[in-house]
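Some notes on the structure that comes next.
In my numbering, the protein residues as written are 6 to 160.
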């Protein structure tokens with residue numbers, strides 16, 4: 006019999022459907038779910054819910070277990086490359102802005118907003134450099150993590 010599954014899914018999660026049967030001999034005779042001889046052929050999501058089609062090679066009753074799993078956002082390498090490219094471009098143009106403000110020596114001293122912008126560009130540049138230099142090493146070395154966190158809060 007086809008069953009329609011309804012319900013909301015929390016943000017950052019997705020449903021995973023697994024066709025299983027109860028095997029009383031599993032787990033040293035205490036029983037447990039088994040995938041042996043049961044396969045999920047298809048699942049279709051509609052506006053009314055999700056229809057799952059399973060196939061078995063034995064005459065036992067089977068069920069569809071629905072579990073919530075974390076959503077993965079793609080290849081981590083692609084995100085790393087985009088992060089380095091984006092931060093690199095930002096650093097480049099921040100350095101160009103710093104050079105531009107330093108060329109305005111007379112206006113830099115007489116107009117406070119130019120001085121504020123120069124300091125902002127320097128702080129952003131240093132913050133991005135600390136981020137790029139410490140983002141990978143900080144996850145594996147606790148001391149580096151504390152240093153990078155402190156510097157990131159400072160800049």
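Every residue gets a Cβ at the ideal spot worked out from N, C-alpha and C, and that includes glycine.
As computed with DSSP, residue 148 is found in no beta bridge at all. Take the alpha-carbon of residue 52 and the one of residue 127: they are about 52 Å apart. Counting along the chain, residue 112 sits inside the alpha helix (DSSP H) bounded by residues 110-115. Residue 49 carries a strand assignment under DSSP once its states are collapsed to helix, strand and coil.
Where residue 58 is concerned, the enclosing beta strand (DSSP E) starts and stops at 54-61. Distance between residue 55 and residue 69, taken at the CA atoms: about 11 Å. About 4 Å separates the beta carbon of residue 132 from that of residue 160, a gap short enough to meet the 8 Å contact definition. The C-beta distance from residue 123 to residue 113 rounds to 7 Å, short enough to fall under 8 Å. About 6 Å separates the Cβ atoms of residue 71 and residue 22, confirming a contact at the 8 Å cut-off.
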